[in-house]
Amino acid sequence: MTFSAIIVAAGSGTRAGPGQAKQWRDLAGKAVLRWSAESLVAAGAKKLVIVADPAARPMLDQALRGLQGWSTTGGGATRALSVQAGLDALSDRPADEPTLIHDAARPFLGAATISALLSALDEADGAIPAMPVADTLKSIAPEGRIATKSRDGLWRAQTPQAFRRDRLLAAYGAWRGDQEPTDDAQVVENDGGRVALVPGDPMLMKLTYPEDFAMAERLAGAARITRMGQGFDAHRWGPGESVWLCGVEIAHNETLIGHSDADAGLHALTDAILGAIGEGDIGDHFPPTDPQWKGAASDKFLIHAVDLVRKRGGCLVNVDVTLICERPKIKPHRAAMRERLAQILGLPLDRVSVKATTTEGMGFTGRGEGLSAQAIAVVETPA
Ligand code: MG
1 MTFSAIIVAA GSGTRAGPGQ AKQWRDLAGK AVLRWSAESL VAAGAKKLVI VADPAARPML
61 DQALRGLQGW STTGGGATRA LSVQAGLDAL SDRPADEPTL IHDAARPFLG AATISALLSA
121 LDEADGAIPA MPVADTLKSI APEGRIATKS RDGLWRAQTP QAFRRDRLLA AYGAWRGDQE
181 PTDDAQVVEN DGGRVALVPG DPMLMKLTYP EDFAMAERLA GAARITRMGQ GFDAHRWGPG
241 ESVWLCGVEI AHNETLIGHS DADAGLHALT DAILGAIGEG DIGDHFPPTD PQWKGAASDK
301 FLIHAVDLVR KRGGCLVNVD VTLICERPKI KPHRAAMRER LAQILGLPLD RVSVKATTTE
361 GMGFTGRGEG LSAQAIAVVE TPA
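Each residue of the sequence shown is one higher than the one before, starting from 1 at the first, in this note's numbering.
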């Protein structure tokens with residue numbers, strides 16, 4: 001089912017403590033807002049509107065750098081006005097298109113919740129994820145007397161909340177409450193609409209208080225998986241004056257023969273990264289039959305693989321490359337190789353390793369027929 005989405009990120013979130021508003025804060029390596037924006041784009045949102053203060057545009061651009069398919073509009077004085085501004089920004093979409101309205105402060109939005117909401121809209125005017133209240137409820141009277149309340153029939157509403165856009169706009173048009181609605185479902189309920197509940201997700205916790213961030217950091221770890229990939233490459237020695245290894249040119253009385261610059265270190269590492277995310281091998285992405293890669297600098301291949309990791313919302317953790325040859329001597333160039341790799345990969349130096357070994361005269365590397373390279377890459381991506 002096609003749908004569009006709005007993320008409301010206009011609040012200042014003062015309860016979360018001093019400092020930046022919570023939607024811009026870092027949560028396990030990316031802005032809080034980015035977590036749910038990535039989920040909505042990955043789930044296939046046709047259009048994603050972020051409602052945010054225009055003055056926060058630099059923070060928004062920074063938070064969503066590299067993510068495709070979003071636009072932004074300014075917020076209103078209240079959450080309800082911000083939602084309506086978001087709905088207006090979707091006016092080029094079909095009027096009855098299902099539209100998810102989400103709060104930026106709930107970062108861990110799963111695909112199952114999105115599809116449950118969209119399915120529930122077939123039979124209802126609105127659909128919201130909700131969790132039954134599990135804790136015992138107490139009320140405290142002004143004089144301090146504590147009483148126990150029944151939790152029967154009580155649910156905790158989460159976001160995103162789903163509506164056909166024209167239905168929600170009509171409901172907002174009819175809203176006469178002198179109080180601010182606390183969520184969008186209330187506006188539709190008030191207009192006589194039927195709102196369906198779909199199973200909520202404890203991961204959809206709202207970041208409200210400073211201590212919520214500590215919990216979210218731990219959940220962020222649980223929401224990601226570690227993947228490992230390995231790569232191998234070999235090239236034959238031929239006449240030449242220098243050789244490219246791990247992105248560094250070394251003067252040598254031979255060169256490695258290949259369609260590109262034959263940098264076996266970068267090729268093995270590119271394959272390791274592609275392997276970690278199940279994206280085939282370097283030949284799938286840069287066919288050796290394609291003349292545009294003739295003599296190409298191999299850092300292009302590596303940058304492409306790293307981009308694929310980032311597009312999945314992932315990041316590299318560390319890499320380890322082993323060069324296998326009798327000559328040239330690698331040790332004098334190792335520091336330069338690590339620095340060049342760290343620069344290409346955007347990693348600190350201590351997460352980049354380059355090692356070298358000979359095969360003591362045995363095999364094709366030992367006989368000086370060619371050089372080989374092995375690499376391992378560790379990558380973290382959303383589960
Ligand atoms: Mg190669």
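Glycine included, each C-beta is placed from N, C-alpha and C at the ideal position.
Looking only at DSSP bridge pairs, what is His235 linked to?
As a working note, residue 235 is residue 235 in the sequence shown. His235 is bridged to Leu371.
Cβ of His102 versus every heavy atom of ligand 3: is any distance shorter than 7 angstroms?
Within the structure as shown, ligand 3 is missing, the only ligands being ligand 1.
Quick check: what's the CA-CA separation for His259 versus Ala373?
Counted from its first residue, the sequence shown places residue 259 at position 259. Counted from its first residue, the sequence shown places residue 373 at position 373. Taking the straight line from one Cα to the other gives about 17 angstroms.
Integer Cβ distance of Trp70 from Ile50, believed to fall under 8 angstroms:
Counting from one through the sequence shown, the residue named residue 70 turns up at place 70. Counting from one through the sequence shown, the residue named residue 50 turns up at place 50. That pair is a contact at about 6 angstroms.
Hey, quick one: how far does the beta strand (DSSP E) through Pro129 stretch, first residue to last?
Reading the sequence shown from its first residue, position 129 is the one you call residue 129. Residues 126-132.
Glu189 - DSSP class collapsed to helix/strand/coil
For this step, residue 189 is matched to residue 189 along the sequence shown. The answer is helix: DSSP assigns Glu189 an H, G or I state.
Less than 8 angstroms between the beta carbons of Ala384 and Ser139, yes or no?
An answer regarding residue 384 cannot be provided, because it is not within the stretch 1 to 383 covered by the chain.
Using only the alpha-carbon positions, how far apart do Thr357 and Val32 sit?
For the purposes of this step, residue 357 is identified with residue 357 of the sequence shown, where counting begins at 1. For the purposes of this step, residue 32 is identified with residue 32 of the sequence shown, where counting begins at 1. About 44 angstroms.
Report the CB separation of Ala375 from Gly231 in whole angstroms; it is logged as a contact under 8 angstroms.
Residue mapping note: residue 375 aligns to position 375 of the sequence shown, counting from 1. Residue mapping note: residue 231 aligns to position 231 of the sequence shown, counting from 1. Confirmed, Cβ separation roughly 5 angstroms.
For the 8 angstroms Cβ check, are there 3 or more pairs between the segment 188-197 and the segment 317-336?
no
Under 5 angstroms, CB to nearest heavy atom of ligand 1: contacting residues:
Asp233, His267
Find the nearest neighbour of Pro160 within the set Asp212, Gln292, Ala185, Ala305, judged by alpha-carbon distance.
What you label residue 160 is simply residue 160 of the sequence shown in a count that begins at 1. Nearest C-alpha to Pro160: Ala185.
Using the C-alpha atoms, what's the distance from Pro142 back to Ser150?
Within the sequence shown, residue 150 is the residue found at index 150, counting from 1. Within the sequence shown, residue 142 is the residue found at index 142, counting from 1. Taking the straight line from one Cα to the other gives about 20 angstroms.
Meets three-Cβ-pair contact criterion under 8 angstroms: the segment 43-59 and the segment 227-243
no
Is it the case that the segment 264-283 contacts the segment 313-322, given that we only count it when at least three CB pairs across the two stretches are under 8 angstroms?
yes
Contact between the segment 248-267 and the segment 294-304 is defined here as three or more beta-carbon pairs at a separation below 8 angstroms; is this criterion met?
yes
Distance CB(Arg25)-CB(Ala95) smaller than 8 angstroms:
Sequence index remark: in the sequence shown, residue 25 carries index 25 (1-based). Sequence index remark: in the sequence shown, residue 95 carries index 95 (1-based). No; because the gap between Cβ atoms is not below 8 angstroms, this pair is not in contact.
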